[in-house]
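Working notes, structure below.
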Amino acid sequence: AQSVSQHNHHVILSEAASLELGCNYSYGGTVNLFWYVQYPGQHLQLLLKYFSGDPLVKGIKGFEAEFIKSKFSFNLRKPSVQWSDTAEYFCAVTPAGNAGNMLTFGGGTRLMVKP
Amino acid sequence: DTGVSQNPRHKITKRGQNVTFRCDPISEHNRLYWYRQTLGQGPEFLTYFQNEAQLEKSRLLSDRFSAERPKGSFSTLEIQRTEQGDSAMYLCASSLPWAGPTEAFFGQGTRLTVV
Chain A
142 AQSVSQHNHH
152 VILSEAASLE
162 LGCNYSYGGT
172 VNLFWYVQYP
182 GQHLQLLLKY
192 FSGDPLVKGI
202 KGFEAEFIKS
212 KFSFNLRKPS
222 VQWSDTAEYF
232 CAVTPAGNAG
242 NMLTFGGGTR
252 LMVKP
Chain B
13 DTGVSQNPRH
23 KITKRGQNVT
33 FRCDPISEHN
43 RLYWYRQTLG
53 QGPEFLTYFQ
63 NEAQLEKSRL
73 LSDRFSAERP
83 KGSFSTLEIQ
93 RTEQGDSAMY
103 LCASSLPWAG
113 PTEAFFGQGT
123 RLTVV
């Protein structure tokens, strides 16, 4: 079975600082990878996804993530955060051959951006 | 609003009572998922439907839990004889019927508190 680790549970940054959130997964085969964001009081929204091809994927709101297969990692980055990025971020994985696409989530990283 | 709709948004119940939640997926999404999210954790997969067929059930789904999707549209999740450990956010998601990987769209969840 697959698992996902997000090592940073809480991150506090000032506006304009750069962000990198770590995500490592454990699975022996090919995977599809996702980052979801949950703003306070709102539902989970897809930030970006990786299925195949270019390992550097760009998502909404200036976020990007890089899939490094050798490191089993899919870290999320943003060069300059804004106060509105305050949210909880979840990394998720599903085996590529999983027709049902059930997601395995990490524990989440709560990001607070100070104005 | 054409997103995934969940009702009720909040439910407080006494231990031992039965509760039922409803999920209305995005129309044309034939895949429907239930997840559970406890405080400080990422969502955990419970069960998955393709049309009216329940194709996957997690070991987390004890005998007290039952999910249905009788006409392949909305789904219900029932918990019988609730326990305090059932207190959590119950999330529903849906996705398109593609053969390949797809993204899941989440509802806002039903927060269950068992007192």
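Protein sequence lines correspond, in order, to chains A and B. Position one of the first sequence corresponds to residue 142 (my numbering), numbered consecutively onward. Position one of the second sequence corresponds to residue 13 (my numbering), numbered consecutively onward. The C-beta atom is built at its ideal place from N, Cα and C for all residues, glycine as well.
Among A:G238, A:V254, A:P236 and A:Y230, which has the Cα closest to the Cα of H148 of chain A?
As a working mapping, residue 148 of chain A is identified with position 7 in the first sequence. Per the Cα distances, A:Y230.
Alpha carbon to alpha carbon, what distance is there between E156 of chain A and T114 of chain B?
For this step, residue 114 of chain B is matched to residue 102 along the second sequence. For this step, residue 156 of chain A is matched to residue 15 along the first sequence. Distance between the alpha carbons of T114 of chain B and E156 of chain A is about 33 Å.
Please compile the residues from chain B whose C-beta is within a distance smaller than 9 Å of the C-beta of L187 of chain A.
For this step, residue 187 of chain A is matched to residue 46 along the first sequence. Near L187 of chain A (Cβ distances below 9 Å), the residues of chain B are E115, A116, F117 and F118.
Which residues in the same chain as N63 of chain B place their Cβ atom closer than 7 Å to its Cβ, once the five residues preceding and following it in sequence are excluded?
Within the second sequence, the letter at position 51 stands for residue 63 of chain B. Closer than 7 Å at the Cβ level, and outside the excluded window around N63 of chain B, lie N42 and G84.
Rounded to whole angstroms, what's the CA-CA distance from R81 of chain B to D75 of chain B? Just pull it up for me.
As a working note, residue 81 of chain B is residue 69 in the second sequence. As a working note, residue 75 of chain B is residue 63 in the second sequence. Each residue's alpha carbon lies about 17 Å from the other.
Please list, in chain order, the residues of the region 54–82 of chain B that have any C-beta partner in chain A closer than 8 Å.
For the region 54–82 of chain B, which is checked against every Cβ of chain A, the residues closer than 8 Å are G54, P55, E56, F57, Y60, Q62, L67 and E68.
Could you check what DSSP says for I201 of chain A in three-state terms: helix, strand or coil?
Sequence index remark: in the first sequence, residue 201 of chain A carries index 60 (1-based). I201 of chain A falls in the helix class under three-state DSSP.
Taking the continuous beta strand (DSSP E) assigned at Y180 of chain A, which residues delimit it?
Along the first sequence, one-based indexing puts residue 180 of chain A at 39. Element bounds for Y180 of chain A: n/a, residue is neither H nor E.
For Y45 of chain B and chain A, any beta-carbon pair shorter than 8 Å?
Translated into positions along the second sequence, residue 45 of chain B becomes position 33. So, interface residue.
Does the CB of S17 of chain B have a neighbour CB from chain A at under 8 Å?
Mapped onto the second sequence, residue 17 of chain B falls at position 5. Answer no: the Cβ-Cβ gap between S17 of chain B and chain A never drops below 8 Å.
For the region 30–87 of chain B, which segments carrying the alpha helix (DSSP H) assignment without a break, of at least 4 residues, lie completely within its bounds, in sequence order?
Qualifying alpha helix (DSSP H) stretches: none in this window.
Excluding five sequence neighbours on each side, which residues of the same chain lie with their C-beta closer than 6 Å to the C-beta of T171 of chain A?
Translated into positions along the first sequence, residue 171 of chain A becomes position 30. So the list reads A237, once near-sequence residues are dropped.
Taking L44 of chain B as the reference, which of B:F117, B:G121, B:G52 and B:E56 has the closest Cα?
Taking the second sequence and counting its residues from 1, one reaches residue 44 of chain B at position 32. Closest by alpha carbon: B:F117.
Using a Cβ-Cβ cut-off of 8 Å, state whether M253 of chain A counts as contacting chain B.
Counting from 1 along the first sequence, the entry for residue 253 of chain A is found at position 112. Output row for M253 of chain A: interface = no.
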